[in-house]
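Number of protein chains: 2
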Amino acid sequence: MVDPHTSAIIDGWLERLQDNGCRRTAPRQAVVEVVASSEYVLNPFEVFEQARQHYPGLGLVTVYRTIEKLEEIGLLQRVHRPSGCQGFVAAFRGHQHLLICQDCGRVEMFGGDIEKMDGLVAEVEKDSGYHIQEHWLQLFGTCSECQRGVNP
Amino acid sequence: MVDPHTSAIIDGWLERLQDNGCRRTAPRQAVVEVVASSEYVLNPFEVFEQARQHYPGLGLVTVYRTIEKLEEIGLLQRVHRPSGCQGFVAAFRGHQHLLICQDCGRVEMFGGDIEKMDGLVAEVEKDSGYHIQEHWLQLFGTCSECQRGVNP
DNA sequence: TTTTATGCAAAGTATTTGCACGGGA
DNA sequence: TCCCGTGCAAATACTTTGCATAAAA
Numbered sequence: 386m387v388d389p390h391t392s393a394i395i396d397g398w399l400e401r402l403q404d405n406g407c408r409r410t411a412p413r414q415a416v417v418e419v420v421a422s423s424e425y426v427l428n429p430f431e432v433f434e435q436a437r438q439h440y441p442g443l444g445l446v447t448v449y450r451t452i453e454k455l456e457e458i459g460l461l462q463r464v465h466r467p468s469g470c471q472g473f474v475a476a477f478r479g480h481q482h483l484l485i486c487q488d489c490g491r492v493e494m495f496g497g498d499i500e501k502m503d504g505l506v507a508e509v510e511k512d513s514g515y516h517i518q519e520h521w522l523q524l525f526g527t528c529s530e531c532q533r534g535v536n537p
Numbered sequence: 386m387v388d389p390h391t392s393a394i395i396d397g398w399l400e401r402l403q404d405n406g407c408r409r410t411a412p413r414q415a416v417v418e419v420v421a422s423s424e425y426v427l428n429p430f431e432v433f434e435q436a437r438q439h440y441p442g443l444g445l446v447t448v449y450r451t452i453e454k455l456e457e458i459g460l461l462q463r464v465h466r467p468s469g470c471q472g473f474v475a476a477f478r479g480h481q482h483l484l485i486c487q488d489c490g491r492v493e494m495f496g497g498d499i500e501k502m503d504g505l506v507a508e509v510e511k512d513s514g515y516h517i518q519e520h521w522l523q524l525f526g527t528c529s530e531c532q533r534g535v536n537p
C-alpha cells in the first residue's frame, strides 16, 4: 500500500521531528503520511480528512499543531494563491519557486535557469537601495492533465 | 492638505467606481482617499482607522465592501507576505512584481529587465507542459529608510 | 516516573450576511 | 421617487488556547 520510497520519506520526517524534541506518535505519523507524500496543495482540513483514514481518532487541532511544527522545521511550506493562502506542500529545497496548477492544486518546483533570478534580484537591490532578504516566484497555470480534462 | 495630484487620483478612482455602477458617497470617498494615495500595504482595519479621520461615522463593514469592489475593478491588489495576506495596495499596472519592505510595509513596483521573466515563463511552460496564466514575483527586504532606522 | 501530546470545548480573530434606515441620482 | 449604500448586530469561518487525560521516553 505504501511503497518503500514513500515510507522512507515519512520515516525521515518523523526522525526530523524527533530531533526537534517531538515524540513519535500515531496521530503525528498519520499527518506526516499525508503531507510528506502529497504533490498537491492541501489545507489543514483536507489533511485532517485524509489523515483520519490512517488514524480515525485524529483531532483537527492536532493537524494544526503538527503542520505548525513541520513548517517551523522547514519540512512544509505555506502556498499563497489567488484563491487563498491556507494550503501547504512539502517544502522544496531552496526558495519558493513554484509552479501551481489552479485546477487540481498540483505543485511542482520548476527548473529552468534560475540564475537569471539571482541576477535580477541583485539588479533591483542596487537600483532600489533595498536590502533584499527573500523572494517568491510563483507561476500559476493549468497542468497538462487538467488541460486534457483528466482530473475531476 | 491634499495636493492637487493626489486629489485627481482620488477623483479618478471615484469615477471608476461610478462607471462600475457605484454611487459616489462620503464613506467610499474616505476609503479611497486612504488607499489610493498610500504607498504602504494596509489591512482593512488600518484602512478603517485612517479613513475614519476623514469620515468619523464610517463602519468597518463599508471598508470591507469598498475594498472588495476596488479589487474587483482592479484598482487595489492583495499583497501576500510571509507575515500574512490581509494587506492591500493600489494596483500597479501589469503583474505582481512587487518589492516590499518587511519593516515598514512600503511597496514599490520594480523595474529592472522584466523581459528575463517572460523568457523564463516561456521556458517553464515548454518544459512542464503547463499552460501558464499568471505569475507572481515578489522581493522582500528592508528599504533604505528602515536600514537607517528612520521609520519607527 | 516524568514530561509531552492529544482531543474536546471554549475562546479568539477575521470576514460576511441580514436588515431597517438614510441618502444619492 | 426609487434603489443602492450604510452601519449595526448577528452569523460564519478559521485558528488558537485551556485543560484533564493518555501515551511516549
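Chain order of the listed sequences is A and B. With my numbering, letter number 72 in the first sequence gets 457, and the count goes up by one each step, no holes. With my numbering, letter number 42 in the second sequence gets 427, and the count goes up by one each step, no holes. Virtual Cβ for every residue (Gly too), placed ideally from N, Cα, C.
In terms of DSSP beta bridges, what is Leu483 of chain A paired with?
When DSSP reads this structure, Leu483 of chain A sits in a beta bridge with A:Met494 and A:Gln523.
Tell me the residue span of the beta strand (DSSP E) that contains Arg466 of chain B.
Run containing Arg466 of chain B: Leu461 to Arg466, per the beta strand (DSSP E) assignment.
Assuming Arg401 of chain B and Ile458 of chain B form a contact by the criterion Cβ under 8 Å, report the distance between their Cβ atoms to the nearest whole angstrom.
Taking a contact as a CB-CB distance under 8 Å, the pair Arg401 of chain B and Ile458 of chain B counts as one, their CB atoms being some 6 Å apart.
Using CA atoms only, rank isn't needed, just tell me which of A:Glu424, A:Gln435 and A:Gly534 is closest to Ala415 of chain A.
Considering only alpha carbons, the answer is A:Gln435.
Taking only beta-carbon positions, decide if Gln532 of chain B is within less than 8 Å of chain A.
Taking Cβ atoms only, chain A reaches closer than 8 Å to Gln532 of chain B, which makes this a yes.
Would Thr391 of chain B be called buried (16 or more neighbouring beta carbons within 10 Å of its own) or exposed?
Thr391 of chain B should be labelled exposed.
Suppose the cutoff is 6 Å on Cβ atoms and the five residues either side in sequence are ignored; what does the same chain contact list for Val426 of chain B look like?
Val464, Gly472, Val474, Gly490 and Val492, listed in sequence order.
What number of angstroms, rounded off, separates the C-alpha of Ala421 of chain A from the C-alpha of Leu505 of chain B?
Distance between the alpha carbons of Ala421 of chain A and Leu505 of chain B is about 29 Å.
Please determine, among A:Glu508, A:Gln403 and A:Asp396, the residue with the shortest C-alpha to C-alpha distance to Ile499 of chain B.
The residue with the shortest Cα to Cα distance from Ile499 of chain B is A:Glu508.
Just checking my contact of His520 of chain B with Phe525 of chain A at CB under 8 Å: how many whole Å lie between their CB atoms?
Their Cβ separation, rounded to whole angstroms, is 7 Å, which keeps His520 of chain B and Phe525 of chain A in contact under 8 Å.
I want to see whether chain A comes within less than 8 Å of Trp398 of chain B, judged by CB atoms only; does it?
The C-beta of Trp398 of chain B comes no closer than 8 Å to any C-beta of chain A.
CA-to-CA distance, Lys501 of chain A to Thr447 of chain B, given in whole angstroms
Cα-Cα distance, rounded: 44 Å.
Pick helix, strand or coil for Ile499 of chain B, following the three-state DSSP scheme.
Coil at Ile499 of chain B, not helix or strand.
Spatial neighbours of Val419 of chain A within its chain, please: CB distance less than 8 Å, with the 5 preceding and 5 following residues excluded, ordered by chain position.
By the criterion of a C-beta distance shorter than 8 Å, Val419 of chain A is surrounded in its chain by Leu427, Val432, Gln435, Ala436 and His439, once the five residues flanking it on both sides are discounted.
Under 8 Å, do Ser423 of chain B and Gly514 of chain A count as touching if we go by C-beta distance?
Cβ atoms of Ser423 of chain B and Gly514 of chain A: not closer than 8 Å.
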